[in-house]
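J.:
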Amino acid sequence: MLTGRTFIATAGFLAFCASAYHLIMRGQSKPKHCVFCHPLELSRIVYQDPDLLVFHDIKPDAALHLLVIPREHLGTIKELSPDHLPVIRRMHMLGQRLMEEKGFTGDNARFGFHRPPFNSVHHLHMHCLGLPFKPKRAERMFPKDGSAWFMPAERLIENMAAESLV
Ligand SMILES: [Zn+2]
Ligand SMILES: [Zn+2]
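Each number in our numbering comes from the position in the sequence shown (counting from 1) with 8 added on.
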């Protein structure tokens with residue numbers, strides 16, 4: 009049995025291990041230590057279907073902070089191929105719909121991916137942020153127009169559609 013505190017510590021430790029593990033085991037279909045490949049606390053999950061899972065970020069950076077992941081283990085955005093465009097589009101559409109249901113639309117909603125090596129977990133995950141950022145400085149991690157460490161979902165989709173990827 010894991011208490012809440014132990015769970016958080018364990019999850020943090022596993023995220024760290026996942027990064028290290030991926031450096032050596034890149035390309036493996038379902039890494040043993042990937043936190044997002046294993047069941048999450050049910051209370052964090054807000055949506056699930058056979059392909060996608062949506063849950064609350066364990067350390068929210070905004071009024072609402074959800075993560076959309078494919079159940080299948082995909083690596084970071086650098087490891088995507090044009091074949092993944094449909095799944096990325098679905099992740100984005102689902103994220104938009106769930107954020108809209110909670111009242112976050114237009115400039116009050118932001119969607120995107122951290123570019124490696126600025127990602128903590130190497131299982132593909134899209135951040136959905138309902139503004140305002142909390143604390144305000146968290147915005148630096150998710151700049152609206154993108155940066156060396158953040159790729160807005162809309163731009164990733166455009167780039168993939170143009171087959172130029174990242
Ligand atoms: Zn995974
Ligand atoms: Zn991330």
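For every residue, glycine included, the Cβ atom is placed at its ideal position computed from N, Cα and C.
Between the alpha carbons of Phe112 and Gly83, how many angstroms are there, rounded?
T.: 28 angstroms
J.: Are three or more beta carbon pairs between the segment 132 to 144 and the segment 76 to 95 nearer than 8 angstroms?
T.: yes
J.: Got a sec, what are the start and stop residues for the beta strand (DSSP E) Val43 sits in?
T.: Note, Val43: premise wrong, no beta strand (DSSP E); not H, not E.
J.: Can you find the residues in the same chain that come closer than 7 angstroms, C-beta to C-beta, to His122, ignoring five residues on each side of it along the sequence?
T.: Trp157, Phe158
J.: If we require 3 or more residues per run, which beta strand (DSSP E) segments fall completely within the segment 82 to 136?
T.: 117 to 122
J.: Taking 6 angstroms as the cut-off, is the beta-carbon of His122 closer than that to any non-hydrogen atom of ligand 2?
T.: yes
J.: Buried or exposed for Gly114, please, with buried defined as at least 16 other CB atoms from any protein chain shown within 10 angstroms of its CB.
T.: exposed
J.: Give the DSSP bridge partners of Leu5, in chain order.
T.: Lying before the first or after the last residue shown, residue 5 is absent from the chain, which here runs from 9 to 174.
J.: Given a cut-off of 7 angstroms on the beta-carbon distance, is the pair Leu164 and Ala70 in contact?
T.: no
J.: Beta-carbon within less than 7 angstroms of Ser89's beta-carbon, same chain only, minus the 5 sequence neighbours each way: which residues are those?
T.: none
J.: Determine contact between the segment 62 to 77 and the segment 46 to 54, defined as no fewer than three beta-carbon pairs at a distance below 8 angstroms.
T.: yes
J.: Could you pull out every residue in the same chain whose Cβ sits closer than 8 angstroms to the Cβ of Ser155, ignoring the five residues on either side in sequence?
T.: none
J.: Compute every distance between the C-beta of His133 and the non-hydrogen atoms of ligand 1, then say whether any falls below 6 angstroms.
T.: no
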